Amino acid sequence: MRVLTSFASGRATSLVVDSGGGSTVVSAVHDGYVLQKSVATSPIGGEFLTDCMMKSLESKGVVIRPRYSFKKKEVSPGDYKVVDLDFPNTTDSYRLYHMRAIASDIKETVCRVPDTPFDEVAYANVPTTSYELPDGQTIEVGAARFKIPDILFNPFLSQTIPGIDGFGDSTSIRGLPRMVLESVNRCDVDIRKELLSSILLSGGSSSILQLKDRLEKEVLEESPQNARVKVLASGNSTERRFSVWIGGSILASLGSFQQMWFSKAEYEEHGVSYIQRKCP
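Numbering (my numbering), first residue to last: 1 to 280.
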């Protein structure tokens, strides 16, 4: 997957930071191959941030109503009333799925990574941003819109959100800058500068506003003085989300692709060991 992301950006060598729904993975790609020793992973991804947003809103008394649980009835021209709908056989998982979908949209709409590490006191009086829920109620999102994306950089912040437990308790969970530096330092000295100058962002969670600038700033602060740190990201959030697919389509169009795959007949003739020979 990380190789395909690199191909999507027209690079055979890069450091790929893939922040998706279920996890975040940083890995070095060199000459079209992932350097396995460089892989750094974190269980924090978009779905966890969505849960943090949902719990944060619930702690402030916000009720997220699934779209299927109500309908809007026009009582007069331009005036609508919300009418509850009863679906007694709806499962908890189905209800939670729809609540998460709304919380995810709130996250993607109002959140942005703060310029500096989040601080409760400093952001206590930050201006709020309005968001209209599907049922018509308008909520105000304040410090949470900075705090939640900063969990990618400082996982311990998740411990301060009521109802969230788990990931933040582990000292082994690192923030994005630390993961990047650890991944680079596991590689040969000869390619470290090249990797630092080609850090590629991919995955849906990488589209959060200001993430690129904050990551570049913090990695630069911890890198050698002569290092040139450059974080690259497509300006199109859709391209970031589907960079693996885009890279796959590019790879499949190359003339050399014919030498990269093998047929069922070849597999049956040579066995499992053939995979290692074709894909070292």
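C-beta: ideal position from N, C-alpha, C; glycine also.
Just so you know, these numbers come straight off a predicted model, no measurement behind them.
T109: member of the alpha helix (DSSP H) spanning 92–110, first to last residue. By the 16-neighbour rule on beta-carbons within 10 angstroms, L254 is exposed.
Note that the C-beta distance between V244 and L15 is not below 7 Å. Using a Cβ distance threshold of 7 Å, V231 and K212 count as a contacting pair. When C-alpha distances from G20 are compared across V180, L152, K55, I199, the shortest belongs to L152. Straight-line measurement puts the Cα of G61 at about 50 Å from the Cα of G32. DSSP, read as helix, strand or coil, puts Y123 in coil.
Considering only S273, M179, D150, I208, the residue with the shortest C-alpha distance to S27 is M179. Between the region 137–153 and the region 200–212 there are three or more C-beta pairs closer than 8 Å, enough to call the two in contact. Excluding sequence positions up to five before and after P162, its CB lies within less than 7 Å of the CB of K55, S59, all in the same chain and listed in chain order. Scanning D135, A144, S263, P77 for the CA closest to the CA of P114 turns up A144. Every alpha helix (DSSP H) stretch that sits fully inside the region 175–222 and reaches 4 residues is listed by chain position as 176–185, 189–196, 211–222.
For the pair V82 and N185, the Cα-to-Cα distance works out to about 56 Å. Ranking D51, F262, I199, P117 by CA distance to the CA of L96 puts D51 first. Between the alpha carbons of S9 and G136 lies a gap of roughly 41 Å. A227 is a Cβ neighbour of L196, given a cutoff of 7 Å. Annotation: the continuous alpha helix (DSSP H) that includes D150 extends over 144–150. In the structure shown, L4 falls within a helical segment according to DSSP collapsed to helix, strand and coil. For F70, the uninterrupted beta strand (DSSP E) segment begins and ends at 70–76. Under the three-state reduction of DSSP output, V244 falls in the helix class.
Inter-residue distance for T160 and T109 is about 22 Å (C-alpha atoms, whole angstroms). If you draw a straight line from the Cα of V121 to the Cα of S130, it is about 21 Å long. In this structure, DSSP gives D51 a helical state, which the three-state scheme calls helix.
Apart from sequence neighbours up to five positions away, the residues of its chain that approach V229 with a beta-carbon distance below 8 Å are L196, S197, I199, E216, V219, L220, S223, ordered along the chain. In this structure, DSSP gives S56 a helical state, which the three-state scheme calls helix. Beyond the five residues adjoining it in sequence on each side, R100 comes within less than 6 Å, by CB distance, of T50 in the same chain, given in chain order. With 16 or more other Cβ atoms from the protein chains shown falling within 10 Å of its own Cβ, P177 counts as buried. Scanning its chain for C-beta atoms nearer than 7 Å, with the 5 sequence neighbours on each side dropped, one finds around I250 the residues F7, A8, in chain order. S183 places its beta carbon 7 Å or farther from that of A12.
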